[in-house]
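S.K.: First residue of the sequence shown? That's 32 in our numbering, and the numbers climb one at a time after it. Every residue gets a Cβ at the ideal spot worked out from N, C-alpha and C, and that includes glycine.
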Amino acid sequence: MAQQDSSQNKAYYLSNGHGDVVELIDSSGNTRLNQYSYDIWGNPVIETENVHNPFRYSGELWDETTSLQYLRARWYDPSDGRFINEDTYEGQIDNPLSLNLYTYVGNNPLGFIDPSGHWRITDKLKDRKQRRNF
């Protein structure tokens with residue numbers, strides 16, 4: 032994935048296995064423009080920015096003003112490790128963590144991701160297929 036500014040300068044995204052944006056590099060691949068690091072819940076630990084970048088933890092939209100992450104259906108607050116509004120999916124009676132409508136990835140951000148804001152996913156291949164369908 033890449034972005035281009037008004038001067039036609041390109042920046043390329045580098046991400047880790049979780050899908051977090053960890054660097055932006057220039058078109059030569061030799062110059063680091065931005066660098067990011069996160070704790071397990073998505074709180075920024077390192078933020079070095081030379082160019083604007085709206086995508087961060089899990090490769091999703093980051094709102095710098097509110098420090099919230101948009102996961103396509105609702106906003107996630109990494110400082111609390113919870114969504115700020117209820118899930119429209121009401122959960123499953125046999126899965127107690129799913130009944131808490133504010134829970135992020137079943138309280139296990141190391142093992143799961145939530146690209147839709149509705150349910151957790153563990154298989155990266157499934158995640159890629161879902162992203163293509165959005």
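1. When the Cα of N47 is compared with those of Y135, I71 and G122, which residue comes out closest?
2. Less than 7 Å between the beta carbons of V53 and L64, yes or no?
3. Taking 8 Å as the cut-off, does the segment 137-147 touch the segment 88-105 (at least 3 CB pairs, one atom from each stretch)?
4. Leaving aside the five residues before and after P109 along the sequence, list all residues of the same chain whose C-beta is less than 6 Å from its C-beta, in chain order.
5. Rank W150, Q34 and N40 by C-alpha distance to the C-alpha of R103 and give the top, closest one.
M.R.: Inspection of the coordinates gives the following:
1. The residue given as residue 47 occupies position 16 in the sequence shown. When each option's Cα is compared against that of N47, the closest is I71.
2. Position 22 of the sequence shown, counted from the first residue, corresponds to residue 53. Position 33 of the sequence shown, counted from the first residue, corresponds to residue 64. Not closer than 7 Å, so no.
3. yes
4. Here residue 109 corresponds to residue number 78 of the sequence shown, with the count starting at 1. Contacts found: W72, G73 and N74.
5. To locate residue 103, count along the sequence shown from 1; it is residue 72. If we check each option's Cα against that of R103, W150 comes out closest.
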